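Residue numbers (this note's numbering): 568 to 785. We put the beta carbon where it would ideally sit given N, CA and C, even for glycine. Small disclaimer: the values here were computed from a predicted structure and weren't measured. See structure below.
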Amino acid sequence: MNMEILLTIMGLAVLDTLSPTIIGVTLYLVVMEKKRLIRLLSVYLITIAILYFFLGVSLMFGITLSFDFFKELFKHQILSWTIFLIGMIMFIVSFYMPKKKAAIPSVPSKKTTFTMFKLGFTTFLIEGGTALPYFAAIGLMSTSNLTLLEWTSILGIYNIIMVLPSIILMVMYTLFGRWLHQPFRKLNDRLSKSKDSALSWVMCIVGIVLIFASLDYL
568 MNMEILLTIM
578 GLAVLDTLSP
588 TIIGVTLYLV
598 VMEKKRLIRL
608 LSVYLITIAI
618 LYFFLGVSLM
628 FGITLSFDFF
638 KELFKHQILS
648 WTIFLIGMIM
658 FIVSFYMPKK
668 KAAIPSVPSK
678 KTTFTMFKLG
688 FTTFLIEGGT
698 ALPYFAAIGL
708 MSTSNLTLLE
718 WTSILGIYNI
728 IMVLPSIILM
738 VMYTLFGRWL
748 HQPFRKLNDR
758 LSKSKDSALS
768 WVMCIVGIVL
778 IFASLDYL
């Protein structure tokens, strides 16, 4: 396995931790749910991780099935230039993204295992279509001649990294909630009112990745 490709994919996974939706829901539960925090948040995060994992598997199998058709196209300079131009457009547009409030789904007033599963599914629907780092990582894996075991392992690690900040917040609050309750409440209030600039950062960095990935083939 190419270590450079692996590090790039892990870097994209770290970039995916910028999700304001997942962090926002996590902070809300941390502040509002003390007794059932671990169970409810675990259901929420596991739902998201599993859905993303199966999305990745589906995309990888779809790309693999059609790879014989597309692999010759990747040898043509026109496709390399197309990827390069897409990267340039994403990089430039990222500086002009309109500011908007973070898209945080409303947490149901009645919090059960099932409602947290539905909330995780809703989060997946909100972010799945715009998961640019995830799609970039899958694109890199599909062209890296990885075995089934290798790319499924990478997908698993990627999704763990993606929800790791929420797990860290949960552990910190479980251990030190007495001191962290007020800071976390303030952070939750600030996030709910803040402008969402995460997408612009994601577009900027993914654009740079596409630019450098295509340079060798121009």
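- In this structure, the CA atom of residue 733 is about 6 Å from the CA atom of residue 593.
- Proximity to residue 615 across 652, 687, 709 peaks at 687, based on C-alpha coordinates.
- C-alpha of residue 694 to C-alpha of residue 579: approximately 15 Å in a straight line.
- In the three-state reduction of the DSSP assignment, residue 609 falls in the helix class.
- Per DSSP, the continuous alpha helix (DSSP H) segment holding residue 574 begins and ends at 570-582.
- Apart from sequence neighbours up to five positions away, the residues of its chain that approach residue 683 with a beta-carbon distance below 6 Å are 607, 610, 611, ordered along the chain.
- With respect to the 8 Å criterion, residue 572 and residue 715 are not classified as neighbours on the basis of their beta carbons.
- Residue burial is scored here from C-beta neighbours: residue 681 has fewer than 16 other C-beta atoms within 10 angstroms and is therefore classed as exposed.
- DSSP places residue 753 within a helical segment (H, G or I) once states are collapsed to three.
- Taking residue 620 as the centre and dropping the five residues before and after it, the same chain places the C-beta of 722, 723, 726 closer than 7 Å to its C-beta, in chain order.
- When the Cα atoms are used, residue 749 and residue 678 turn out to be separated by approximately 22 Å.
- Looking at 624, 587, 602, the one whose alpha-carbon comes closest to that of residue 740 is 602.
- Within the same chain, Cβ atoms closer than 6 Å to the Cβ of residue 730 are found at 612, 616, the five residues on either side in sequence being excluded.
- In the structure shown, residue 689 falls within a helical segment according to DSSP collapsed to helix, strand and coil.
- Spanning the alpha carbons of residue 581 and residue 655 requires a straight line of approximately 22 Å.
- Selection 628, 752, 650, 660 evaluated against residue 713 yields 628 as nearest (Cα-Cα).
- With at least 16 other beta carbons inside 10 angstroms of its own, residue 588 counts as buried.
- A straight-line Cα-Cα distance of about 38 Å links residue 653 and residue 737.
- Annotation: residue 597 to residue 658 spans about 35 Å, alpha carbon to alpha carbon.
- Judged by DSSP in its simplified three-state form, residue 596 adopts helix.
- Nearest in C-alpha terms to residue 604, of all of 744, 774, 778, 626, is 744.
- DSSP, reduced to helix, strand and coil, places residue 712 outside both helices and strands of the structure shown, so it counts as coil.
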